[in-house]
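This report concerns only the one structure given below.
Residue numbers (the working numbering): -5 to 281.
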C-alpha cells in the first residue's frame, strides 16, 4: 500500500461522511458524523502531504453511498463503511512498521485510533425501524421463497399451462401472505417487544413482493418449463440480495447463509416437482 492509496481512501471517506451529514436529520447522529468529518479531513491531510498533490474523487462514488443510504438505510450503509474502516485499520497497522520517522509514526497511530472511534461511536447511535423489524421481513421473504418455489415447481409439471400455473401460484401466494400476517401479528402480540401491526405489515408485504416476482415469469413466458427456469433464477437473485443485506447488517457469513437458504428453497422445489410428476402420472390429467 502506498501513501496515495491511503490518501485516496481518506478523501473518499471524508466526502462520503460529509454528504451523509448534510442530509441527516437526527441531531445526535449528525453531530457524530460532523466529528467523523473532522477526523477524516485531518487524516487525509496527513497522507496528502506525502503525495504532495490533491486527490480527485469521482462524483459517482459519492452518489453510490448516497444511494445505499436511501435504499438500504443508514444501518446497512454504516455496516458497509465499518467493514471498510476495519480493513483500513489492518492496512495502517501493517504500514506503521515501515515508517521510520517518529513524528509520522505518532500521527499514524492517531489515525488508527480515529478509525477505531468511527467503528465504535458511529454504530452505537443508529436506531432504525426497518432493522428492528428485519426479522419480520426475513420471515416473510424466507417463507415466501420456500413455499412458493415449491408450489410453482409442483404446479409447473402437474398443470403444464403457464397461465393456470400463474393463477394457482397467485392465489396460493395471496392466501399464504394473509396467513403469515395473522401469524406475525399474534407472535408479536405475545412477545410484546414489537408493534404487532407493523410486524404483520412487514411480514405480509415482504411475502407478497416475493409472490409478485416469482409468478411474473408465468404471466410473461408461454413455455412453462422456461418460466420455471427463470423463476428459479429469480429465487437465487432474491436470496443473494436478502442474504447480502442481512449478512452486512448483522455481520454474518454471507456464503454460509446463502448456501443454506438456496438449499432449502431449491430442495423444496425439487421435492414438489417430483410430487407434480407423480400426480400427473397417476391421474393422467392434462391441462
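Beta carbons are placed, not taken as given, at the ideal position from N, Cα and C, and that holds for glycine. A quick note: this is a predicted structure, and the numbers were derived from the prediction, not measured.
Hey, residue i and residue j are a contact pair by Cβ (cut 8 Å); roughly how many whole angstroms apart?
{"i": "residue 233", "j": "residue 200", "result": "The pair is not a contact, with the Cβ atoms about 13 Å apart (cut-off 8 Å)."}
{"i": "residue 49", "j": "residue 5", "result": "5 Å"}
{"i": "residue 208", "j": "residue 229", "result": "7 Å"}
{"i": "residue 11", "j": "residue 27", "result": "6 Å"}
{"i": "residue 236", "j": "residue 174", "result": "Actually they do not touch by this definition, with Cβ atoms about 16 Å apart."}
{"i": "residue 196", "j": "residue 131", "result": "5 Å"}
{"i": "residue 9", "j": "residue 51", "result": "6 Å"}
{"i": "residue 243", "j": "residue 64", "result": "No, residue 243 and residue 64 are not in contact; Cβ-Cβ is about 16 Å, not under 8 Å."}
So what does DSSP say about residue i, is it helix, strand or coil?
{"i": "residue 37", "result": "helix"}
{"i": "residue 217", "result": "coil"}
{"i": "residue 99", "result": "helix"}
{"i": "residue 181", "result": "helix"}
{"i": "residue 165", "result": "helix"}
{"i": "residue 4", "result": "helix"}
{"i": "residue -4", "result": "coil"}
{"i": "residue 251", "result": "helix"}
{"i": "residue 49", "result": "coil"}
{"i": "residue 242", "result": "helix"}
{"i": "residue 84", "result": "helix"}
{"i": "residue 189", "result": "coil"}
{"i": "residue 109", "result": "helix"}
{"i": "residue 290", "result": "Nothing can be reported for residue 290, as the shown portion of the chain is limited to -5 through 281."}
{"i": "residue 136", "result": "helix"}
{"i": "residue 232", "result": "helix"}
{"i": "residue 19", "result": "coil"}
{"i": "residue 42", "result": "helix"}
{"i": "residue 143", "result": "helix"}
{"i": "residue 76", "result": "helix"}
{"i": "residue 28", "result": "helix"}
{"i": "residue 195", "result": "helix"}
Can you check which of these residues, the options, is closest to residue i by C-alpha distance?
{"i": "residue 265", "options": "215, 0, 143 and 238", "result": "143"}
{"i": "residue 227", "options": "240, 211, 241 and 239", "result": "211"}
{"i": "residue 29", "options": "66, 52 and 109", "result": "109"}
{"i": "residue 206", "options": "107, 263, 161 and 244", "result": "161"}
{"i": "residue 293", "options": "247, 104 and 157", "result": "With the chain covering only -5 through 281, there is no way to say anything about residue 293."}
{"i": "residue 268", "options": "151, 139, -1 and 106", "result": "151"}
{"i": "residue 74", "options": "57, 239 and 262", "result": "239"}
{"i": "residue 290", "options": "154, 59, 82 and 221", "result": "Summary: the structure shown does not reach residue 290, with the chain confined to residues -5 through 281, and so no result is reported for it."}
{"i": "residue 198", "options": "191, 141, 172 and 220", "result": "172"}
{"i": "residue 284", "options": "-3, 111 and 69", "result": "An answer regarding residue 284 cannot be provided, because it is not within the stretch -5 to 281 covered by the chain."}
{"i": "residue 42", "options": "107, 220, 66 and -1", "result": "-1"}
{"i": "residue 222", "options": "21, 263 and 38", "result": "263"}
{"i": "residue 13", "options": "47, 40, 39 and 71", "result": "71"}
{"i": "residue 88", "options": "-5, 261 and 220", "result": "-5"}
{"i": "residue 90", "options": "97, 255, 102 and 181", "result": "102"}
{"i": "residue 261", "options": "53, 141 and 242", "result": "141"}
{"i": "residue 256", "options": "231, 176 and 247", "result": "231"}
{"i": "residue 40", "options": "106, 251 and 191", "result": "106"}
{"i": "residue 35", "options": "111, 53, 25 and 7", "result": "7"}
{"i": "residue 203", "options": "163, 177 and 241", "result": "163"}
{"i": "residue 76", "options": "254, 245 and 153", "result": "245"}
{"i": "residue 111", "options": "33, 254 and 251", "result": "33"}
Label residue i either buried or exposed according to how many other C-beta atoms from any shown protein chain fall within 10 Å of its C-beta, with 16 as the threshold for buried.
{"i": "residue 31", "result": "buried"}
{"i": "residue 146", "result": "buried"}
{"i": "residue 165", "result": "exposed"}
{"i": "residue 92", "result": "exposed"}
{"i": "residue 272", "result": "exposed"}
{"i": "residue 138", "result": "buried"}
{"i": "residue 20", "result": "exposed"}
{"i": "residue 57", "result": "exposed"}
{"i": "residue 249", "result": "exposed"}
{"i": "residue 17", "result": "exposed"}
{"i": "residue 218", "result": "buried"}
{"i": "residue 184", "result": "exposed"}
{"i": "residue 97", "result": "exposed"}
{"i": "residue 53", "result": "exposed"}
{"i": "residue 81", "result": "exposed"}
{"i": "residue 193", "result": "buried"}
{"i": "residue 220", "result": "exposed"}
Would residue i pass as an interface residue toward chain D - the criterion being a Cβ-Cβ separation below 8 Å?
{"i": "residue 198", "result": "Of the protein chains in this structure there is only one, and it is not chain D."}
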